[in-house]
Each structure stands twice: as structure tokens, then as C-alpha cells.
Amino acid sequence: MIGTLLVILLAYATLIAIPFVPGIEIGISLLMLKGADIAPMVYLATVLGLTLAFTLGRITPYRWIRSTLADLRMRRASSLFERLEPMSREERLAVLMERVPGWAKPIIGGGRYLLIAALLNIPGNAVIGGGGGIAFIAGFSRLYRPWLTFAVIALAVLPVPLTVWLTGTEALSK
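Written out as C-alpha cells, the structure is:
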């Protein structure tokens with residue numbers, strides 16, 4: 273039984289790391305099926321999956337996406353990545369801030385980590401890539417420090433499993 277549960281949790285961690293997969297819904301399903309006892313393991317699997325997606329985004333070479341965009345004849349996007357690749361984090365952020373609407377500049381400039389936490393918690397975020405897609409793009413942008421991002425992910429996904437662990441699955445049906 274423990275072996276099967278471990279395989280299910282590893283499969284869940286892998287699925288939540290994949291962009292556009294509604295992974296949180298899978299996690300909530302596991303919580304409803306197995307109850308409060310599994311909440312800490314679902315939490316750890318969620319954090320593992322999202323940090324995996326972030327890390328994969330972080331190590332994905334810009335030249336790979338640049339050549340893919342060029343093959344798709346998306347020349348402007350490809351040239352943007354070509355310009356961004358050699359830049360430092362601060363230079364990259366400055367270039368991106370030039371393209372952001374005025375109302376979004378404070379969010380992107382100073383609240384990037386809060387933005388990640390909010391995006392991970394928006395219901396229906398599978399439409400914008402899901403948790404895995406959001407984490408992958410955050411890593412790929414190279415605008416986020418890894419350890420700080422891992423801490424943000426750990427805190428952002430904590431409320432639901434913690435609530436279920438402390439109060440039971442009734443919290444999910446309200």
C-alpha cells in the first residue's frame with residue numbers, strides 16, 4: 273500500500289510539473305480520496321513538482337527556444353531571446369520593463385515573487401500554463417533567485433494541504 277501511494281505521489285509530482293496540466297485538481301482529488309493523513313505528502317509532492325518545473329526552466333538553454341521560435345517563423349520573439357540571452361538579471365528585467373504596461377510595472381518590478389505566489393493560487397490557472405507552466409516560465413526567465421523562489425513556492429501551496437491536514441477534508445467541500 274505504501275509503495276502504491278509513493279508511486280501515485282511521484283506521478284502527481286511529475287504531472288504538476290508539466291505545463292497546462294491541471295495538477296492542483298489532481299492533488300485535491302488525492303486529498304479527498306485519502307483524507308487528511310495524506311496532506312503532508314501531497315504538499316511535499318506539490319512543492320517537488322513545482323520546483324522541478326522551475327529548475328527545468330532555469331536550465332533550458334535560450335538557444336533552444338530561440339531556434340524553435342525561428343523555425344516557427346516567429347522572428348520578433350526569436351530576436352528578443354537573442355538579445356536577452358547575454359544579459360544579466362538586472363539588464364533583462366530593465367528590457368522587459370520597457371515592454372510592460374505602466375499599471376503592471378510595480379507588480380513586475382518589485383512584486384515578482386508575490387506575483388508567482390498569486391498566479392499559483394488563482395483558480396483555473398491551467399489556462400495560463402498551470403502551476404508547472406508558471407514555474408517553468410519563471411525559471412526560464414532567469415529573473416528569480418532559485419532558493420527564494422523555492423521558498424515562495426513552498427509558502428504559496430501550503431494553505432490547502434495545511435487546512436485539510438488540520439481540519440479534515442470537509443474544508444474542501446465548503
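First residue of the sequence shown? That's 273 in my numbering, and the numbers climb one at a time after it. Every residue gets a Cβ at the ideal spot worked out from N, C-alpha and C, and that includes glycine.
State the Cα-Cα distance for the pair residue i and residue j, rounded to the nearest angstrom.
i: Ala428; j: Asn393; result: 7 Å
i: Arg361; j: Arg414; result: 7 Å
i: Tyr385; j: Arg417; result: 10 Å
i: Gly403; j: Leu322; result: 7 Å
i: Ala366; j: Leu444; result: 42 Å
i: Pro312; j: Leu305; result: 14 Å
i: Ile331; j: Phe412; result: 7 Å
i: Ser351; j: Leu324; result: 28 Å
i: Gly405; j: Thr439; result: 30 Å
i: Glu370; j: Leu387; result: 18 Å
i: Ala389; j: Ala317; result: 17 Å
i: Arg348; j: Gly295; result: 32 Å
i: Gly329; j: Leu278; result: 25 Å
i: Glu354; j: Asp343; result: 14 Å
i: Arg335; j: Leu356; result: 11 Å
Under a Cβ-count criterion, where at least 16 other Cβ atoms within 10 Å of its own Cβ denotes burial, should residue i be classed as buried or exposed?
i: Arg338; result: buried
i: Phe472; result: Since the displayed the chain opens at 273 and closes at 446, residue 472 lies outside it and no answer follows.
i: Pro333; result: exposed
i: Ala407; result: buried
i: Phe292; result: exposed
i: Val436; result: buried
i: Leu303; result: buried
i: Ile400; result: exposed
i: Gly381; result: exposed
i: Ala289; result: buried
i: Ile379; result: exposed
i: Ala410; result: buried
On a CA-only basis, which of the options is nearest residue i? Give me that one, please.
i: Gly396; options: Glu297, Ala283, Gly275, Val279; result: Glu297
i: Val319; options: Pro333, Thr421, Leu341, Val436; result: Thr421
i: Ile425; options: Leu391, Ser413, Val436, Ser445; result: Leu391
i: Ile300; options: Ile290, Phe292, Ala289, Tyr284; result: Tyr284
i: Pro433; options: Ala289, Met346, Tyr315; result: Tyr315
Could you please give the first and the last residue of the uninterrupted alpha helix (DSSP H) stretch that includes residue i?
i: Met304; result: 295–306
i: Ser360; result: Looking at the DSSP string, Ser360 is not in any alpha helix (DSSP H), and its letter there is neither H nor E.
i: Met313; result: 311–331
i: Asn393; result: 384–393
i: Tyr284; result: 274–289
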